[in-house]
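Single-structure report; data block below.
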Amino acid sequence: NRKNEAKYKYVPQVNISEHEPRNAVWGENFPKEYQSYIQTADTSFASYQGGSKMRDVLEEDPNLVILWAGYGFSKDYNQGRGHYYAVEDIHNTLRTGAPKGPGDGPMPATCWTCKSPDVPRLMNEHGIAEFYQGKWADKGEEVVNPIGCADCHDSKTMKLTITRPALIEAFESMGKDITQATHQEMRSLVCAQCHVEYYFNKNLPGKEGTPYLVFPWKNGMSVEDMEKYYDEIEFSDWTHQLSKAPMLKAQHPGYETYLTGVHADRGVSCADCHMPYKSEGGQKFTDHHIQSPLNNIANACQVCHREEANKLAENVYERQRKANENRLKLEGFLVKAHIEAKKAWDLGATEDQMKEILQDIRHAQWRWDYAAAAHGASFHSPVETARVLGSGLEIVQKGRIKLARLLADLGHNAPVDMPDITSKEKAQAYIGLDMEKLNSDKEVFLETVVPKWLEKAKEREAKMTPQINK
Amino acid sequence: NRKNEAKYKYVPQVNISEHEPRNAVWGENFPKEYQSYIQTADTSFASYQGGSKMRDVLEEDPNLVILWAGYGFSKDYNQGRGHYYAVEDIHNTLRTGAPKGPGDGPMPATCWTCKSPDVPRLMNEHGIAEFYQGKWADKGEEVVNPIGCADCHDSKTMKLTITRPALIEAFESMGKDITQATHQEMRSLVCAQCHVEYYFNKNLPGKEGTPYLVFPWKNGMSVEDMEKYYDEIEFSDWTHQLSKAPMLKAQHPGYETYLTGVHADRGVSCADCHMPYKSEGGQKFTDHHIQSPLNNIANACQVCHREEANKLAENVYERQRKANENRLKLEGFLVKAHIEAKKAWDLGATEDQMKEILQDIRHAQWRWDYAAAAHGASFHSPVETARVLGSGLEIVQKGRIKLARLLADLGHNAPVDMPDITSKEKAQAYIGLDMEKLNSDKEVFLETVVPKWLEKAKEREAKMTPQINK
Amino acid sequence: MLKNILPQKHSNWRATAVFLIAIMMGLGLFMAKEAEIVSYMSDDPKACVNCHVMTPVYNSWMHSSHREWASCNDCHVPHDNIVNTYYFKAKDGLFHASVFTLRAEPEVMFMREASQEVVQDNCIRCHVQQVTQTKYDGWIETHGANRTDRQCWECHREVPHGRIHGISTIKHNIAPIPTDTEQTVIPEWLEQKINQDKQSPHEE
Ligand SMILES: [Ca+2]
Ligand SMILES: [Ca+2]
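Residue numbers (the numbering used here), protein chains in the order written: chain A, 1 to 470; chain B, 471 to 940; chain C, 941 to 1144.
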């Protein structure tokens, strides 16, 4: 009909093939969108807690090293930056280790899922479960284009589209049908392909052994619902090095927390704030420079709020400060709880005595992480974030009082000495990480393995010339 | 000139004298405002946690009996209802006891301050400090008209006006000049005469011994600022009966918390929501039926929000539920802390051992009360309310861990038995209140003393006939 | 005062504005005083309430969603260019003032057509992004077709003066009058008492 015609009418310069992963190729047809997309390479903006600047989160807050002791995140954790860096950053992070080649390294192939438009291409070529199989390093030469057009768009119609099976399956698990999503919902759902809590399920019937990407939404998306989900299947991401608690790592539940805020309630989508319209030479287009809206208040906020930019930024910062205040309190208690639990083990506590305590630590830290890991949550949904932090403060109290009594029973009735963790280095030394080795191994990997990956990819892609229209 | 003519365009039926306390007399001139004011007598509306219905808060939540043990509030505490009942309710509450006559009873005259337009009249006749002197019962026959016109209006111009010295003095203490307030600010400041945290200062230089009404705003209005204020002057409202902690009672810091919310930030005043415009027969006027805006969403909210009424109510309830969730958690811990502290005393703890713990209890409960006592705060400022509750959860944890260690030292290393406080009656019995006597004394007071007060007031007022214009 | 009213020095239409104001003043001291006509050039809504007939609209605006965002002139005066702004103001000022002085104000006023166009343009000026972007579909349904051929306030009937119009619709006003500075919010008696208290601390 005419409406659709109007909406998606354009004269393509090139014929973009269905699984074209190279953003520059799409850029031939859509220069404005591409040019703005390319700006996600800019790393000059820093806000109170966000922005595109590289921010070493462990350095800013060494407590985290203790919270994640025994898990990859204690080695290296930076705040996310522009989509342009998705591939580069997964190469760089110490969490992915220094694989020497295929089959090596700590991480599964599933890690690639949210980093590149090569992913839908590969899933199409090999199958979904097949994509998730094997090591991360196995696909190093296949996944090289950072997040881009083919992740969100249909190459024929340019319509927004869902390219990640995990989101579709998650909707199914909730008894919902994602194909019924409205256009406005799609403007958030394309983001919900990645900005969500996830885990790797190795026990899916028929796919045993494959770290299959799953969003734990079956019972709902609240912190309690997902906790219940994980408790029921007795899942844990890792066992804590100090406390031995069976831990959960919350990963950026951005979409889930956003949904509980007033903007979602009023139908405001992710794209409304992170991809507002922009005018250039009398032409309007969607700004694909996805970033902190605080670097773009005029377009991102003032369309709806005719407040001064300063005031709007201050509104955001105020909510973030208030959330951080209680987050840091909870965090401090969690650090204590892990170290107190270690003390109890050291003094001879039994599994039985520790069981409830460890469960409390698991639940309290899960809540802390749920509130902390989605970097936007303290603005997207300040009231829910505060509620979750409060519930974490409740649980950690219960656990620590049990610990105090247990320690007293074991002969230690006094505050437990805390290590010096005033810097990232000190904290990492305390948990016994050999950072020098990790870093030098990584260097070797980046200097030897990665260049080969990129070279092979170049060769491969050289054969995929797009068809130019005349 | 014509402008002034405009000011007095209506033909006054009666000449209202400067300190006319009788609302019905003002009502002769302003029937619509009066008629709507009179509707604050209606007690049929109940929302999730508010409304005009009589709600026995102790019955709804018997924990409070423990939190306030040793203080009047453990005897009787109802949620505030319409202004119409201000005088009746202060007669009725068990907190004011059963005075036999002048000079008797537990409460000072200062209690009257926020209950009636007779107050400015008496302050004018006798002086401010003089008004605060003596017992509450001393002025029983003088203060009989519930909150009304003369509390907020100038009788000549009908301009909004401040009639309570405490607010003026509080502004001075902050180095601010209330006479600079804009018209829009006045639409909240008239409420800030009463809907604020207060205490009775008996040590004001030159006024020693008089329980002078003071708003503790000198350092600011946040929960920390006021806490600091009270700590500095070592003020406490009472000593807790169980824990012996030097307690603070937060009283409805409605204005203070409102100021931290987004509505205040956007210039929305109390009157915008609680006294919106109303249309009747082609006339618009300010609805003086001050009540829960949820009983009047169309006028109170939909002026600004084009949302459905149900949705707006649900927005409010959601914020209230989330606040209550954490408030109840903090509350539960506070109950435990008081009873654990009692146990410690029973086991022979020393003042020295208890000092820090009691200070923690004081500060944690102050935060709880600050968040709980302003009934609107969880909507007026949900983020600040959550922040305050979180900080209470932090402090109570510190205190209880010290308590657990102290108890272990004293030979009790196990959870402390909690009494049965599942109903108001049981909780009151636990703290040893003789409710039967309190109630029967009150009955006698209401049947013998109060009727005399009202009778004398009638005689007195009969002499104050308003001057009718012809 | 003139400094605030007049456009920037050196702008070439400053003369026009001065000229127009001069005409207005020429209408006579009596009228200027009566109508506080000069204050009509100000952007302060209180300027409009100098005429009591404007108080009902002032008060309804005061109770509207727009109080914190849009003053009278934001809606009722063109903002397309600054010459137009002052020209329209002066013209309107003269018209209103004449009617007012003659006591010919109707019970229920209506915007003249010229004013309507101005207002409509101003609604769009502020809300253009909200009502034209298809991307806000999810937030504001159905603005596409409707907005172009109808007046905004056909639907948004409450914006900003409410549904009831007419100069008797608001009987008692406590709208502030800008020239009225003699009163403060503290009544005299209370100020006295407080000062008394301060001077001679109470002795028992
Ligand atoms: Ca970032
Ligand atoms: Ca109530």
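No residue lacks a Cβ here, since even glycine has one placed at the ideal position from N, Cα and C.
Everything numeric in this text was worked out from a predicted model, so none of it was measured.
CB contact flag (residue 52 of chain A, residue 291 of chain A, <8 Å): yes
Distance cut-off 7 Å: residue 634 of chain B Cβ against heavy atoms of ligand 2: no
Coil, strand or helix - residue 748 of chain B by DSSP: strand
According to DSSP, residues forming a beta bridge with residue 199 of chain A: A:214
8 Å Cβ cutoff, residue 899 of chain B in contact with chain C: no
Any C-beta of chain B under 8 Å from that of residue 1125 of chain C: yes
Local conformation of residue 755 of chain B per DSSP, three classes: strand
Amino acids of chain C, ordered along the chain, whose beta-carbon sits closer than 7 Å to that of residue 303 of chain A: 1069, 1070
Short CB-CB distance (under 8 Å) between residue 737 of chain B and chain C: yes
Residue 320 of chain A CB to nearest heavy atom of ligand 1 below 7 Å: no
Ligand 1 heavy atom lying under 7 Å from the CB of residue 52 of chain A: yes
beta-carbon residue 721 of chain B near ligand 4 non-hydrogen atom, thresh 7 Å: In the structure on display, ligand 4 does not appear, and the ligands it does have are ligand 1 and ligand 2.
Contacts that residue 322 of chain A makes with chain B (C-beta to C-beta distance below 9 Å): 853, 854, 856, 857, 860
Neighbour-count burial assignment, residue 33 of chain A, 16 or more Cβ in a 10 Å radius: buried
Same chain, Cβ closer than 6 Å to residue 978 of chain C, five either side skipped, listed in chain order: Confidence at residue 978 of chain C is low in this model, with a pLDDT of 44, below 50, so the placement of that residue is unreliable and no value is reported for it.
is_contact[residue 997 of chain C, chain B] using C-beta, thresh 8 Å: no
Option nearest residue 750 of chain B by Cα separation, candidates C:1054, C:1110, C:1003, C:1030: C:1110
Segment contact, 8 Å Cβ cut-off, at least three pairs: the segment 145-153 of chain A with the segment 109-121 of chain A: yes
beta-carbon residue 550 of chain B near ligand 2 non-hydrogen atom, thresh 7 Å: yes
Residue 347 of chain A (DSSP reduced to helix, strand or coil): coil
Same chain only: Cβ atoms within 6 Å of residue 837 of chain B, ignoring 5 sequence neighbours per side: 693, 858, 861, 862
Chain-ordered chain A contacts of residue 834 of chain B [CB-CB under 7 Å]: Correct list: empty, because the minimum Cβ distance to chain A is about 11 Å.
Nearest-angstrom beta carbon gap, residue 422 of chain A and residue 62 of chain A [assumed within contact, 8 Å]: 7 Å
Residues within the segment 987-1019 of chain C neighbouring chain A, beta-carbon criterion of under 7 Å: 1009
Per-residue contacts from residue 1033 of chain C into chain B (C-beta, under 9 Å): The premise fails here: residue 1033 of chain C is roughly 17 Å from chain B at the closest Cβ pair, so nothing lies under 9 Å.
Residue ranges of each beta strand (DSSP E) within the segment 632-670 of chain B, 3 or longer: none
Three CB pairs or more closer than 8 Å across the segment 896-912 of chain B and the segment 534-546 of chain B: yes
Segment contact, 8 Å Cβ cut-off, at least three pairs: the segment 332-345 of chain A with the segment 374-388 of chain A: no
N-terminal and C-terminal residue of the alpha helix (DSSP H) that residue 890 of chain B is part of: No alpha helix (DSSP H) holds residue 890 of chain B; DSSP gives it neither H nor E.
Residues near residue 968 of chain C by beta carbon distance below 6 Å, same chain, minus five either side: For residue 968 of chain C, the predicted model reports a pLDDT of 45, less than 50, meaning its position is unreliable; a value from the coordinates is still stated below. Around residue 968 of chain C: no qualifying Cβ.
Cβ-based neighbour list, residue 901 of chain B, same chain, cut-off 8 Å, excluding 5 preceding and 5 following: 535, 536, 539, 540, 544, 711, 712
8 Å Cβ shell around residue 584 of chain B - same chain, five flanking residues per side excluded: 556, 617, 634, 663, 664
Rounded separation between residue 186 of chain A and residue 161 of chain A - CA only: 8 Å
Beta-carbon gap between residue 764 of chain B and residue 775 of chain B smaller than 8 Å: no
Beta carbon proximity, residue 81 of chain A to chain C, threshold 8 Å: no
Residue 874 of chain B - containing alpha helix (DSSP H), residue span: 852-879
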